[in-house]
Structures are given as structure tokens and as C-alpha cells.
Amino acid sequence: MSALLLYLLKANVALTLFWAVYWLGLRRLTFYTLNRWFLLLAIGFAALYPLVPLGWLNRPEAPLGAAVYHLVPDWQALARPAPAAAFDWGYWLELAYWAGVVALLLRLAAQFGALYRLHRSSRAAWLGRQPFRRVAEAVNPFSFWQSIYLNPNQHSAAELPAILEHEQVHVRQWHTLDVLLAQVQQAFYWFNPGAWLLRRAVLENLEFITDRAVLRAGLLDSKAYQYSLVRLSTLAPGSALANHFTFLILKNRIMMMNKPQSSHLHLAKYALVLPLAAVVMAFTTARPAAPAAAAPPKAVAATGEKLYFVDGQPVSKAVVDKLDPNTLESMNVLSGPAATEAFGSSAAAGVVIITTKKNKDSAAVKAFNAKHHITYAPADPKAMARQLAGKLIILDGQEITAEQLQNLPPDQIQAMSVYKDEDAVRKFGEKGRKGVIEVKTKPQKGGPTGLVPPQFMKTLPFGAC
5 MSALLLYLLK ANVALTLFWA VYWLGLRRLT FYTLNRWFLL LAIGFAALYP LVPLGWLNRP
65 EAPLGAAVYH LVPDWQALAR PAPAAAFDWG YWLELAYWAG VVALLLRLAA QFGALYRLHR
125 SSRAAWLGRQ PFRRVAEAVN PFSFWQSIYL NPNQHSAAEL PAILEHEQVH VRQWHTLDVL
185 LAQVQQAFYW FNPGAWLLRR AVLENLEFIT DRAVLRAGLL DSKAYQYSLV RLSTLAPGSA
245 LANHFTFLIL KNRIMMMNKP QSSHLHLAKY ALVLPLAAVV MAFTTARPAA PAAAAPPKAV
305 AATGEKLYFV DGQPVSKAVV DKLDPNTLES MNVLSGPAAT EAFGSSAAAG VVIITTKKNK
365 DSAAVKAFNA KHHITYAPAD PKAMARQLAG KLIILDGQEI TAEQLQNLPP DQIQAMSVYK
425 DEDAVRKFGE KGRKGVIEVK TKPQKGGPTG LVPPQFMKTL PFGAC
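Residue numbering for the sequence shown follows my numbering, starting at 5 and increasing by one per position.
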């Protein structure tokens with residue numbers, strides 16, 4: 005799964021869980037300000053927590069040793085045909101996702117354009133000491149940012165003070181920020197019904213806040229204010245981006261106005277935030293899959309022979325002997341500390357790691373290489389020559405040059421060992437201080453074979469020798 009799809013999965017799981025907690029436990033409480041911050045926290049947490057590294061929740065086992073580097077002969081002498089490309093579901097899912105995001109952002113831009121045109125057509129006016137923007141259209145009163153838009157001709161003198169107070173609450177408490185944040189998260193999580201429901205919850209709760217503020221101001225009694233809401237619900241909305249005087253579900257607003265104050269005992273429900281966040285992190289933090297156990301066959305450990313692995317799986321030497329060289333991608337030979345650091349004391353006799361062409365990119369091989377710190381570098385004859393510089397190279401007991409090693413046909417190599425540090429000096433003397441590469445070739449029945457170009461050799465960073 006790509007990083008983008010994984011991010012979206014985590015973010016939307018968190019968003020949906022927060023919305024579910026709000027819907028089931030908090031939306032009928034009269035702690036409207038707390039609900040406002042809960043909903044904003046839900047949006048912020050869902051957007052940010054997938055970006056935070058949480059590796060400490062799944063601390064991996066300590067590595068057995070430093071990364072091991074090996075010389076890897078390329079068993080492929082001829083170019084193989086490229087495999088048929090599989091259908092890339094991830095690519096098309098991401099393409100569909102971005103298409104939806106662009107569509108909703110364009111809609112949002114169109115709404116800004118409509119609001120701008122309405123603002124240009126309005127003019128500044130005052131009602132008592134309250135400034136507002138007078139519009140000519142018969143639209144629902146609304147506010148955006150620090151401006152209030154209304155047509156005074158559509159309202160009675162008795163209800164105008166309550167309307168202005170209502171919109172002034174939106175302005176004073178910066179409710180436009182909540183609205184825009186809800187719009188943006190809906191655009192980026194458009195495929196998640198929870199994102200649309202959360203936007204609706206944000207808008208609804210903002211109206212609960214303003215309704216309570218108007219009633220506490222005493223500009224209209226509760227019944228008159230509710231009748232005013234019903235009458236104003238027949239007017240056209242002013243802007244999709246704005247805080248409207250009426251709301252999507254008028255019934256909920258009237259019901260919450262008539263609801264008694266919630267008991268303070270219900271405040272304990274907000275303590276669910278921390279365990280909820282912990283649950284989200286626990287269930288959406290990727291746990292690394294345990295690679296297949298690389299325990300060597302018992303017979304190998306008992307006899308002190310080399311350990312053999314094919315495509316990350318332990319096998320016997322008999323299995324290795326039956327492999328077709330034409331099917332092999334690479335073979336690594338570890339010995340000395342390099343082997344025991346990566347595979348433990350049972351690898352004292354050495355380790356042979358073989359990767360086939362068929363499975364070189366498989367998950368099992370990648371997991372095996374990651375666990376034992378097997379790293380590869382791309383083939384580069386010039387880089388290989390630089391990395392071999394100063395190394396002692398032994399071929400069948402005889403010292404050879406780096407160029408001779410590069411020209412050695414891969415199919416003649418039976419085993420290759422890399423020694424470094426004190427282990428190299430102990431076995432080969434001071435000449436091996438910078439590292440030693442020991443190569444053993446297969447017994448030849450006929451004469452010497454022809455040389456192959458250096459590009460048929462792969463290399464790894466010998467600087468670790």
C-alpha cells in the first residue's frame with residue numbers, strides 16, 4: 005500500500021471513530037463549547053497523527069550486528085524479457101482520489117467566487133451601532149469572517165436585533181474558521197461518509213452555540229425566536245461558505261433550545277478523548293510482519309556445515325546442489341564475524357544466501373534481507389573497481405588483481421567469502437588489513453572459459469570490509 009493510501013486509511017479511521025463518539029455520546033449534551041473543541045480536535049488529530057512516527061509502539065528487536073555487505077555475482081549473462089506489468093490498483097485508486105479532491109476544491113473555489121460577487125454588490129450599512137453589509141437579494145442572513153450580510157427589508161424591526169446578535173456571535177467567536185476547516189476536510193476525505201457527517205455536526209453545533217447566546221441576551225423570548233427561525237427558513241441561503249441564521253435541520257435546533265442544561269456528571273464523557281486516541285493509534289499503527297523463521301536445518305547446525313538459504317528460506321546443501329544456475333539471480337557467501345553477527349553462533353561455518361530470479365522482489369526475500377541487514381547496490385564496474393581498491397583478492401589460493409576478479413565469469417564461481425578487520429589480518433596477515441575477498445571456483449573439466457564483460461558483475465559496498 006502506498007504512503008498516501010496508508011495515510012488516508014489511518015486518517016479516516018480516526019475521523020470516523022471521533023464522529024461516532026460525538027454522535028452516540030455528546031451531540032445531545034448542552035456543553036456546546038466543549039463539543040466545538042471536540043470536533044475541531046477530531047479534525048486536527050485525524051490529519052496530523054498519521055504523520056507522526058509511532059515506531060516506539062512497536063519497538064523492533066535489536067539488530068544482531070552492523071549491516072553486512074557482499075560481492076554478488078550476477079548469474080544472468082543475457083538480458084531476460086521484462087515481466088508483464090500487473091494492473092496497478094494503487095495508481096488508479098490514487099488517481100480517483102485526486103480527481104475527487106480537485107472536483108470538491110473547484111466547487112469550494114466557485115463558492116468563494118459567488119461570495120465575492122455578493123460582497124461586491126453589497127454596501128456598508130449600520131443598524132444602531134452595529135455595522136453590516138446590506139444586500140439587495142432576498143437571502144437568508146449570514147456572516148462570513150468579520151462581516152454580516154442581510155437584507156433589512158426582509159425582517160421586522162422586532163427581530164432585527166436578534167438576527168444581528170446571532171450573526172455577531174458567529175463573528176466574535178470566529179466560527180468561519182470552523183466552517184472552512186470542515187469544508188476542507190470534507191474535500192480531502194470526500195470518499196468517507198464520516199467526513200460529510202462531521203461537517204454537518206460542526207455546522208449544527210455552531211448554531212446551538214449562537215442560539216443559546218441569543219436567548220441569554222434576552223432580545224427575544226424563546227417562542228418568538230423559534231417562530232422567527234421557522235419564518236426565515238423559507239428564504240434562500242446566502243452563501244454555502246457562511247454561517248446561516250437558519251440551519252439544515254431546524255427541528256434539532258428547536259429541540260436543543262428547549263432541552264434542560266445537561267448534568268455536570270456528563271462531563272465525564274469527554275474523558276473518552278484520551279482512550280479514544282490511544283485506541284486509534286493502537287489499531288492503525290502498522291506492526292511489522294514477523295519474517296519467516298530463518299532457523300537452519302538441525303542437521304546443518306549439528307554438523308557445523310554452512311547454513312544455506314534460498315529466497316529467505318533455510319534449505320539443505322542437497323537442495324542447493326540441485327538448483328539450476330540459470331534460475332539464480334545472486335549468491336552471497338558470509339564467513340567469520342560477518343556470518344555470526346547476522347545469523348548467530350550456528351553460522352560459524354559460514355552462510356550461503358541464494359536469491360532466484362523468480363523471487364528476487366518477493367516480500368519474503370525483502371523481509372529476510374531487512375532482518376539480517378543484507379543490502380545491495382546497483383551494478384557499476386567503475387564503482388566496483390574503486391571499492392576493490394586496496395583489498396587483498398585471493399582466487400583458489402593465489403593473489404589476483406581487481407581487474408582479474410571483474411573479468412571472472414560468474415558461472416565459474418563456487419563460493420566467495422569476505423573478511424574484514426582483525427579476522428582478515430589473523431588469516432592473511434597485514435596484507436589483509438583493508439579487507440580480503442577469497443574466491444573459490446568450480447572444478448573445470450575442460451580448458452579455461454572465455455572472459456565476460458564487467459557489466460555482468462554486480463557489486464556491493466566493499467567499504468565495509
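Glycine residues also receive a C-beta, built at the ideal position from the N, C-alpha and C atoms.
- Note that the C-beta distance between N155 and E141 is below 8 angstroms.
- Ranked by Cα distance from D325, the options H170, E333, V337, Y312 are led by Y312.
- The region 432–449 and the region 394–402 touch, with no fewer than 3 CB-CB distances between them shorter than 8 angstroms.
- By the beta-carbon neighbour count (other beta carbons within 10 angstroms, threshold 16), T331 is exposed.
- If you look at P135, you'll find it in the beta strand (DSSP E) that goes 134–138.
- Each residue's CA atom was taken as its position, placing Q416 and V314 some 20 angstroms apart.
- Contact between the region 198–217 and the region 114–121 is absent: fewer than three C-beta pairs spanning the two stretches fall below 8 angstroms.
- In the same chain as L202, and ignoring 5 residues on each side of it, the C-beta atoms closer than 6 angstroms to its own belong to W23, in chain order.
- Using a Cβ-Cβ distance cut-off of 8 angstroms, the region 23–39 and the region 258–270 are in contact, since at least three pairs of beta carbons, one from each stretch, lie closer than that value.
- L43 places its beta carbon less than 8 angstroms from that of N209.
- In the displayed model, K310 falls within coil according to three-state DSSP, outside both helix and strand.
- For G198, the number of other beta carbons within 10 angstroms of its own is at least 16, and it is reported as buried.
- With respect to the 8 angstroms criterion, L164 and L131 are classified as neighbours on the basis of their beta carbons.
- Rounded to the nearest whole angstrom, the C-alpha separation of I47 and K364 is 42 angstroms.
- Distance from the CA atom of A18 to the CA atom of F49, rounded to whole angstroms, is 8 angstroms.
- With fewer than 16 other Cβ atoms inside 10 Å of its own Cβ, I253 counts as exposed.
- Secondary structure of V56 (DSSP, three-state): coil.
- As a beta-bridge residue in DSSP terms, Q402 pairs with L399.
- Nearest Cα to V218 within the set L207, L233, A205: L233.
- Linking L236 to P264 through their CA atoms gives a straight-line distance of about 25 angstroms.
- For V183 and W96, the gap between their C-alpha atoms comes out near 31 angstroms.
- The region 187–195 makes no contact with the region 141–151, as fewer than three CB pairs between them are under 8 angstroms.
- Around the beta carbon of V337, 16 or more other beta carbons lie within 10 angstroms, which makes this residue buried.
- Look at E141 here: in three-state DSSP terms it is coil, with no helix or strand label.
- If you ignore the 5 residues before and after A343, its C-beta comes within less than 6 angstroms of the C-beta of A351, G354, V355, all in its own chain and listed in chain order.
- Judged by DSSP secondary structure, W102 falls within the alpha helix (DSSP H) whose first and last residues are 93–125.
- Counted as a single uninterrupted DSSP element, the beta strand (DSSP E) harbouring A419 occupies residues 417–423.
- In the three-state scheme derived from DSSP, where H, G and I count as helix and E and B as strand, S334 is classed as strand.
- Looking at the DSSP output, V355 sits in a beta bridge with L311, L338.
- Annotated as distal: K273 and L45, with beta-carbon spacing of 8 angstroms or more.
- For P165, the enclosing alpha helix (DSSP H) has its first and last residue at 164–176.
- Counting the other Cβ atoms within 10 Å of the Cβ of Y120 gives fewer than 16, which makes it exposed.
- Taking a 10 Å sphere around the C-beta of A205, we find 16 or more other C-beta atoms and assign the residue as buried.
- Rounded to the nearest whole angstrom, the C-alpha separation of L276 and W200 is 23 angstroms.
- Straight through space, the alpha carbons of E309 and N373 are spaced by roughly 22 angstroms.
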